[in-house]
Ligand code: ADP
Ligand code: GLC
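Spelled out as structure tokens, the structure:
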């Protein structure tokens, strides 16, 4: 199987969230089981700064953006011997500090940047054809199926390829004003509610859903949720119309990156047979956050984008009561300024209970997974969520709201049978969150029961192989069926 994976971020080259981890790990796994995979992503400044070995490919790309011809170059780097990454270089678009924006917000030319990226990726696909599947991810690449299907004569080399779109987060749709339409160089008939128009705006993701041969999302539960008005972000009708082609495939975990037995970022390695190292990791984490070095006070960790999706509203609602409990709490995150400020303020007034670091820090994220006893994810919605899966492997018990992938991966602890791998609550409220934390900290004081719960968690297996097989089966199915016709 020859797969071209197109994404706006790929770990370890550039990452703002779980998308990067997933695209990197899925590609590596597909290669390991014998497929031919190449990745395509923008050549951001961070890639040049971080010393990756870059080769010139000599492949030129030139595309139309409105009435202009815009050219770029293709560089290449490798994630392992058999996994090339094509980096689409166009410095005016991508040689910037952020991937999508800066502290003032999203870059104002994101419509143009990712229209260019999608058109350039199609050129690249054409010039490196044949591909069985072009696998796109999120709104940044959602124009690929649209352009390939409508501008059929521009891409003859890849007309037999099937296009799969994976939605990692339906809330991010690439919604742009009508004035951006000319960038796409598509006929006005496609700027109608039947196609890419969405309440007078252009909606890239809507186009991707309509024009891809099939689309997936990253857990079975989220695949069900996005067909409802509550979770559908306005696109539930479009999704329901294509529900036969929608599949939920749970993300896996890259045990090479996230494994307490081998993790180079943590104070002392440990595993399910020898938990001793976890105590040193906890001590180090308390030091980093200037918290009292109490070994027996439960320590809750959180690593998160600080945005509404992640349930910051109910966390702040519960915070007053939370900080009165006998526990410690550490947070690492960046995001909306109001949440950053509120958390930093609370940290200032409760220095013995709460530690907050605002920033993006991969090493610290690993230290939190290893050093905390509990990991909190009170998300309003969560397509999959990776941190709760990492937490399980580190014996760090997740406390989650039962939504999307959190619901699919976490089984509530049952005090009668000792089964389960975490704590779940259902209602999106500070009260429900607090009640789950109370259940968790109460169990924490029962050492025997707690060790049983840690053992249950660490025994869970979410390795990528299982998910990669599901993607592979879907690729095969796509190859056997005729292309989805023009909608
Ligand atoms: P999302 O993609 O919605 O942000 P996920 O749980 O799927 O949520 O993935 C988040 C990923 O990003 C995890 O690997 C997590 O460790 C990482 N991450 C999030 N915020 C930070 C941060 N401030 N510093 C370091 N890593 C972070
Ligand atoms: C998105 C989602 C998250 C998911 C990740 C990777 O960012 O918010 O739930 O785990 O993509 O698929």
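Residue numbers (this note's numbering): 80 to 566.
Think of the CB as a built atom: it goes at the ideal place given N, C-alpha and C, for glycine as much as any other residue.
1) Can you find at least 3 beta carbon pairs, one from the segment 508 to 523 and one from the segment 476 to 490, that sit closer than 8 angstroms?
2) Which residue spans inside the segment 323 to 369 form an unbroken alpha helix (DSSP H) run of at least 4?
3) Classify residue 407 as helix, strand or coil using the three-state DSSP reduction.
4) Check the C-beta distance from residue 134 over to residue 155 and give it rounded, since I have them as a contact under 8 angstroms.
5) Considering only the beta carbon of each residue, do residue 500 and residue 489 sit closer than 8 angstroms?
6) Mind reading off the beta-carbon distance from residue 491 to residue 333? Whole number of angstroms is fine, and I expect it under 8 angstroms.
7) How is the beta strand (DSSP E) around residue 165 delimited, first residue to last?
8) At which residues does the alpha helix (DSSP H) containing residue 290 begin and terminate?
9) Curious, which full-length beta strand (DSSP E) runs of at least 3 residues does the segment 445 to 521 contain?
10) Start and end of the beta strand (DSSP E) containing residue 294?
11) Is any heavy atom in the ligand GLC found nearer than 7 angstroms to the beta carbon of residue 471?
12) Following the continuous alpha helix (DSSP H) through residue 417, name the residue where it begins and the one where it ends.
13) Is it buried or exposed, residue 126, if we count other Cβ atoms within 10 angstroms and call 16 or more buried?
14) How about residue 264: is its Cβ closer than 7 angstroms to a heavy atom in the ligand GLC?
15) If residue 261 and residue 145 are in contact, beta carbons under 8 angstroms, what's the gap, nearest whole angstrom?
16) Do you know offhand how far residue 111's Cα is from residue 279's?
17) With C-beta atoms as the reference, is residue 455 less than 8 angstroms away from residue 379?
18) Specify the secondary structure class of residue 546 as computed by DSSP and reduced to three states.
19) Between the segment 336 to 351 and the segment 549 to 560, do at least 3 Cβ pairs fall closer than 8 angstroms?
20) Based on the DSSP output, what are the partners of residue 121 in its beta bridges?
21) With three or more beta-carbon pairs closer than 8 angstroms as the criterion, would you say the segment 252 to 267 touches the segment 202 to 212?
22) In the DSSP assignment, the alpha helix (DSSP H) including residue 109 goes from what residue to what residue?
23) My output table needs one value for residue 152: the three-state DSSP class, helix, strand or coil.
24) Closer than 7 angstroms: is that where the CB of residue 97 sits relative to any heavy atom of the ligand ADP?
25) Start and end of the beta strand (DSSP E) containing residue 143?
26) Going by CA-CA distance only, name the one from 318, 464, 264 that's closest to residue 390.
27) In whole angstroms, give me the CA-to-CA distance for residue 268 and residue 238.
28) Just to confirm, is the Cβ distance from residue 102 to residue 84 under 8 angstroms?
29) With a cut-off of 8 angstroms, do at least 3 Cβ pairs link the segment 538 to 555 to the segment 316 to 331?
30) For residue 89, tell me which candidate among 421, 532, 163, 338 has the shortest Cα-Cα distance.
31) Provide the residue span of the alpha helix (DSSP H) that contains residue 159, from first to last.
32) Does residue 86 come out as helix, strand or coil in the three-state DSSP assignment?
33) Rounded to whole angstroms, what is the Cα-Cα separation between residue 425 and residue 305?
34) Please confirm whether any heavy atom of the ligand ADP lies closer than 7 angstroms to the CB of residue 384.
35) Note the first and the last residue of the continuous beta strand (DSSP E) segment covering residue 382.
Taking the coordinates as given:
1) With the cut-off at 8 angstroms, the segment 508 to 523 and the segment 476 to 490 touch.
2) 355 to 367
3) strand
4) Between residue 155 and residue 134 the Cβ distance is about 5 angstroms, and since that is below 8 angstroms, they are a contact.
5) With respect to residue 489, residue 500 sits close: the two C-beta atoms are nearer than 8 angstroms.
6) Not quite, the Cβ-Cβ distance comes to about 26 angstroms (not below 8 angstroms), so this is no contact.
7) It spans 163 to 168 - the beta strand (DSSP E) in which residue 165 sits, taken as one unbroken run.
8) 283 to 290
9) 453 to 456, 476 to 480, 502 to 504
10) According to the DSSP assignment, residue 294 belongs to the beta strand (DSSP E) that extends over 293 to 296.
11) no
12) 416 to 428
13) buried
14) no
15) In this structure, residue 261 and residue 145 form a Cβ contact; the two beta carbons are roughly 4 angstroms apart against a cut-off of 8 angstroms.
16) Each residue's Cα considered, the two are about 45 angstroms apart.
17) For the 8 angstroms CB-CB criterion, residue 455 and residue 379 form a contact.
18) helix
19) no
20) 167
21) no
22) 97 to 111
23) strand
24) yes
25) 134 to 144
26) 464
27) 22 angstroms
28) yes
29) yes
30) 163
31) Looking at the DSSP string, residue 159 is not in any alpha helix (DSSP H), and its letter there is neither H nor E.
32) coil
33) Spanning the two alpha carbons is a distance of roughly 35 angstroms.
34) yes
35) The continuous beta strand (DSSP E) containing residue 382 extends over residues 378 to 385.
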